[in-house]
Amino acid sequence: MDHWMKLGVWTGFFILSLIIGKMLFRKLQNTLTLREIPSPTTSPILGMAYNLIKESQEELFRKYRELSKEFRPIYRVSLFHIDIVNLVNAVDIEQVLSNPNHSKTNTYDFLQGWLGSGLLTSSGEKWQLRRKLLAPAFDFNMLQDFLLVFNDETSKLVEKLTENLNESGTDISTYINHFTLHCVGETAMGWDWLDEGVLNDYRQNLKRMGQIILERVKNVWYRMNFIYTWTNLAYEEKRVILSLHRFTDTIIRRRLQRKGSVIERKRLSLLDILLKQKEEGTNLSHEDIREEIDTFLFKGYETTTMALTMLLLLLANHQHIQESVIKEIEAVVGKKLRPLTSEELRRLEYLECCIKETLRLFPSVAVISRIAGEEYTTSTGFKVPKGTTLLMHIYDLHRDPSVFPYPDKFNPDRFKSENSSKRHPFSYIPFSEGPRNCIGEKFALWELKTAACGILQNFRLLPVDDLVDLKFYTDFVLRTSSPVRIKFIKI
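Under the UniProt record's numbering, the very last position in the sequence shown is 491; numbers go up by exactly one each time.
Structure (structure tokens):
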């Protein structure tokens, strides 16, 4: 009996050794394959992990910009034993984003405690189902309803800016944050009845959640769940998520309690669309609805805030372009602030060029990531093994001098139809591209156009801060490290 037991143990040990050996051999093969890709000189053991630990987020952001310039179109960095392939080329990025076999990285798992498995974090059949369910919320008829909200909130934004004019310049973050949060909140949840105190608490929790995610992205140890679970930050994250969920749950309950069936309401929000689908028999739970509402608030609030902030700053720093936009607004809409129509938004073509050029220079999402779902070969002939982490640097893709001459210059003419039609379709992807592109692209453009039009009908923008002095960092969204100030001159 002992003989057979020993034989079984040794057999099991032998099989386990073979499995581990095969894994190590495959890992070595992959490492040797990836070693062909150009790479900066870093610590042989730590790799870029040393930079993650030592440097600030602003320094890391600048470091990646330098690497992209030096090694364009592709380079490799390592974090300890993990190799990461960085792509800065339209053809290579198209290869990845157009292939559904390449999945999102585990960085998105940091969001699942809050967002669950909604449109942003889900994959496969569940993602396809959610995308189909949400599509009606972004069709033309719904956008017409949303435009009513954009117009109303723009009037309030102009009023607040008028009341708080400052000779030395205005820190616009408070006003832009308020505007975008109300736009996305009212269109997503119909929360026009909420008081400012409740919204301010929600805004602070959103901000803190972003900071927590940033700390997890940067700290190597926090990436490991079995360590992170026992940290003070993890306990704080649970508290913040509980507050965020409580807020959304309250809105959903109040919406259901309001007079009239969801189906009968004349003006619908995204929440109403989801509740309507639930009433009609779609298999959506309360948690499913909350996931999509929270996802929409997260993606629609901070991304648009950054875009509008940078648009106003760029126009303030380029007076001749600002004047051209104002002339177009006066020709299409007139000088007086009033509700815009969808047709007028369509005709504001040069303003749209300015928005697109802003998103080229400062894409709200500067980098996106995937895991290679299969081995493939890049446009420059490098093999990328299955399971490799891929980073696609949209910020640097948009500054490719071979595609955008003088890439750091603000030049809206790049997006006139005769110019943009000549470019590779993946050379400009501020809303991502491929099957998982952003569902809210037109929503964002309408919101940005409405706000910019209202502001420029009432103010002339003058620069206070120099663009070159701004420092940036990124977690899931591109951010500035310091306040953005503009001088508003009332007309």
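Where a beta carbon is used, it is the ideal one built from N, C-alpha and C, also for glycine. Being a predicted model, the structure only gives us computed values, none of them experimental.
Exercise. Given a cut-off of 8 Å, decide if K383 and A372 are closer than it, judged by their beta-carbon atoms.
Key: As a first step, residue 372 must be located in the sequence shown, where it is residue number 372. As a first step, residue 383 must be located in the sequence shown, where it is residue number 383. No. Outside cutoff.
Quiz item: Can you tell me the Cα-Cα spacing of H286 and H102, whole angstroms?
Solution: Numbered from its first residue, the sequence shown carries residue 286 at position 286. Numbered from its first residue, the sequence shown carries residue 102 at position 102. Pairing H286 with H102, the inter-Cα distance amounts to about 30 Å.
Exercise. State the Cα-Cα distance for the pair S261 and D249, rounded to the nearest angstrom.
Key: Here the question's residue 261 lines up with position 261 in the sequence shown. Here the question's residue 249 lines up with position 249 in the sequence shown. Confidence at S261 is low in this model, with a pLDDT of 49, below 50, so its placement is unreliable and the value that follows should be read with caution. Each residue's Cα considered, the two are about 18 Å apart.
Quiz item: How about R131 and L143: are their beta carbons less than 8 Å apart?
Solution: On the sequence shown, residue 131 is found 131 positions in, with the first residue counted as 1. On the sequence shown, residue 143 is found 143 positions in, with the first residue counted as 1. Cβ atoms of R131 and L143: not closer than 8 Å.
Quiz prompt | Spatial distance of L34 from S369 (CA atoms) | solution = Your numbering for residue 34 matches position 34 in the sequence shown. Your numbering for residue 369 matches position 369 in the sequence shown. Cα-Cα distance, rounded: 17 Å.
Self-check item: CB contact check: E159 to chain C, cutoff 8 Å
Solution: The structure shown contains no chain C; it holds only a single protein chain.
Exercise. Assign I491 to buried or exposed, taking buried as 16 or more other Cβ atoms, counted over all protein chains shown, within 10 Å of its Cβ.
Key: The residue labelled residue 491 in the question sits at position 491 within the sequence shown. Looking at its Cβ environment, which holds fewer than 16 other Cβ atoms inside 10 Å, I491 is exposed.
Quiz item: Taking one C-beta from the stretch 458-467 and one from the stretch 480-488 each time, how about it: are there three or more such pairs within less than 8 Å?
Solution: yes
Quiz item: Where T304 and F431 are concerned, what is the direct C-alpha to C-alpha distance, given to the nearest angstrom?
Solution: Position 304 of the sequence shown, counted from the first residue, corresponds to residue 304. Position 431 of the sequence shown, counted from the first residue, corresponds to residue 431. Answer to the nearest angstrom: the Cα atoms are 11 Å apart.
Quiz item: Taking buried to mean at least 16 other C-beta atoms within 10 Å of its own C-beta, is M189 buried or exposed?
Solution: Here the question's residue 189 lines up with position 189 in the sequence shown. That one is buried.
Exercise. State the CB to CB distance for the pair D83 and T388, rounded to an integer number of angstroms; the pair is presumed to be in contact (CB under 8 Å).
Key: Residue mapping note: residue 83 aligns to position 83 of the sequence shown, counting from 1. Residue mapping note: residue 388 aligns to position 388 of the sequence shown, counting from 1. Right, the Cβ-Cβ distance comes to about 7 Å (below 8 Å), so this counts as a contact.
Quiz item: Does the distance from the C-beta atom of V77 to that of P40 stay below 8 Å?
Solution: On the sequence shown, residue 77 is found 77 positions in, with the first residue counted as 1. On the sequence shown, residue 40 is found 40 positions in, with the first residue counted as 1. Closer than 8 Å, so yes.
Quiz item: Taking DSSP as the reference, what is the three-state secondary structure of L462?
Solution: Within the sequence shown, residue 462 is the residue found at index 462, counting from 1. Under the three-state reduction of DSSP output, L462 falls in the strand class.
Quiz item: Got a sec, what are the start and stop residues for the alpha helix (DSSP H) Y350 sits in?
Solution: Numbered from 1 along the sequence shown, position 350 holds the residue referred to as residue 350. Annotation: the continuous alpha helix (DSSP H) that includes Y350 extends over E349 to L361.
Quiz prompt | CB contact flag (R223, R216, <8 Å) | solution = If you number the sequence shown from 1, residue 223 lands on position 223. If you number the sequence shown from 1, residue 216 lands on position 216. Going by C-beta atoms, R223 is nearer than 8 Å to R216.
Self-check item: For I491, the three-state DSSP class (helix, strand or coil)
Solution: Working through the sequence shown from its first residue, we reach residue 491 at position 491. In this structure, I491 counts as coil in the three-state DSSP scheme.
Practice problem: Report, in whole angstroms, the separation of the C-beta atoms of C183 and E344, which I expect to be a contact under 8 Å. | Solution: The residue labelled residue 183 in the question sits at position 183 within the sequence shown. The residue labelled residue 344 in the question sits at position 344 within the sequence shown. Actually they are not in contact, since the Cβ atoms of C183 and E344 sit about 18 Å apart, beyond 8 Å.
Self-check item: F415 and E323 closer than 8 Å at C-beta
Solution: Taking the first residue of the sequence shown as 1, we reach residue 415 at position 415. Taking the first residue of the sequence shown as 1, we reach residue 323 at position 323. Judged by beta-carbon spacing, E323 lies beyond the 8 Å limit of F415, meaning their Cβ atoms are not closer than that value.
Quiz item: Which residues mark the beginning and the end of the alpha helix (DSSP H) in which Y395 is found?
Solution: Taking the first residue of the sequence shown as 1, we reach residue 395 at position 395. That run of the alpha helix (DSSP H) goes I394 to L397.
Self-check item: Y473, buried or exposed, once every other Cβ within 10 Å from all chains shown has been counted against 16
Solution: Start at 1 with the first residue of the sequence shown, and residue 473 comes out as number 473. Per the 10 Å Cβ criterion, buried.
Exercise. For K335, count neighbouring C-beta atoms within 10 Å of its own C-beta (all shown protein chains included) and say buried if the count is 16 or more, exposed if not.
Key: As a working note, residue 335 is residue 335 in the sequence shown. Exposed, by the Cβ-count rule.
Exercise. Out of V468, K471 and T450, point me to the one whose CA is closest to V158's CA.
Key: Indexing the sequence shown from 1 puts residue 158 at position 158. Out of V468, K471 and T450, T450 has the C-alpha closest to the C-alpha of V158.
Practice problem: Thinking D400 and S427 are a contact (beta carbons under 8 Å), I'd like their distance in whole angstroms, please. | Solution: Within the sequence shown, the letter at position 400 stands for residue 400. Within the sequence shown, the letter at position 427 stands for residue 427. The pair is a contact, with the Cβ atoms about 7 Å apart (cut-off 8 Å).
Quiz item: Of all the options W191, W221 and H245, which has the alpha carbon lying nearest to the alpha carbon of L206?
Solution: Residue numbering aside, residue 206 sits at position 206 when the sequence shown is read from its first letter. Here the closest residue by C-alpha is H245.
Quiz prompt | Paired residues, beta bridge with residue 497 - DSSP | solution = The structure shown has nothing for residue 497, since the chain only spans 1 to 491.
Quiz item: Per DSSP, N219 is paired with what?
Solution: As a working note, residue 219 is residue 219 in the sequence shown. Answer is none; N219 lacks a bridge partner.
Self-check item: Straight-line Cα distance separating A90 from K63
Solution: Indexing the sequence shown from 1 puts residue 63 at position 63. Indexing the sequence shown from 1 puts residue 90 at position 90. Whole-angstrom Cα-Cα distance: 21 Å.
Quiz item: Do the stretch 135-153 and the stretch 228-242 make contact, defined as three or more Cβ pairs closer than 8 Å?
Solution: no
Self-check item: Closest residue to R239 among Q204, D288, E125 and I251 (Cα-Cα distance)
Solution: Position 239 of the sequence shown, counted from the first residue, corresponds to residue 239. When only C-alpha atoms are compared, the closest one is Q204.
Exercise. Compute the Euclidean distance between the alpha carbons of E167 and R347, then round it to the nearest angstrom.
Key: Walking along the sequence shown from the start, residue 167 turns up at place 167. Walking along the sequence shown from the start, residue 347 turns up at place 347. Between the alpha carbons of E167 and R347 lies a gap of roughly 34 Å.
Practice problem: Put S56 into one of helix, strand or coil per three-state DSSP. | Solution: Numbered from its first residue, the sequence shown carries residue 56 at position 56. Three-state DSSP puts S56 in coil, outside helix and strand.
Quiz item: If you draw a straight line from the C-alpha of A452 to the C-alpha of L308, how long is it?
Solution: For the purposes of this step, residue 452 is identified with residue 452 of the sequence shown, where counting begins at 1. For the purposes of this step, residue 308 is identified with residue 308 of the sequence shown, where counting begins at 1. For A452 and L308, the distance between alpha carbons rounds to 8 Å.
Quiz prompt | Presumed contact (8 Å Cβ cut-off) between I213 and L79, rounded CB distance | solution = In the sequence shown, residue 213 corresponds to position 213, counting from 1. In the sequence shown, residue 79 corresponds to position 79, counting from 1. The Cβ separation is near 18 Å, so there is no contact.
Practice problem: Excluding the 5 residues preceding and the 5 following K278 in the sequence, name in chain order all residues of the same chain whose CB lies nearer than 6 Å to its CB. | Solution: Position 278 of the sequence shown, counted from the first residue, corresponds to residue 278. Taken in chain order, the residues that qualify are L284.
Quiz prompt | Rounded distance between the beta-carbons of V477 and E302, thought under 8 Å | solution = Your numbering for residue 302 matches position 302 in the sequence shown. Your numbering for residue 477 matches position 477 in the sequence shown. Yes, they are in contact, since the Cβ atoms of E302 and V477 sit about 5 Å apart, within 8 Å.
Quiz prompt | Simplified DSSP assignment, three categories, for R76 | solution = Walking along the sequence shown from the start, residue 76 turns up at place 76. In this structure, R76 counts as strand in the three-state DSSP scheme.
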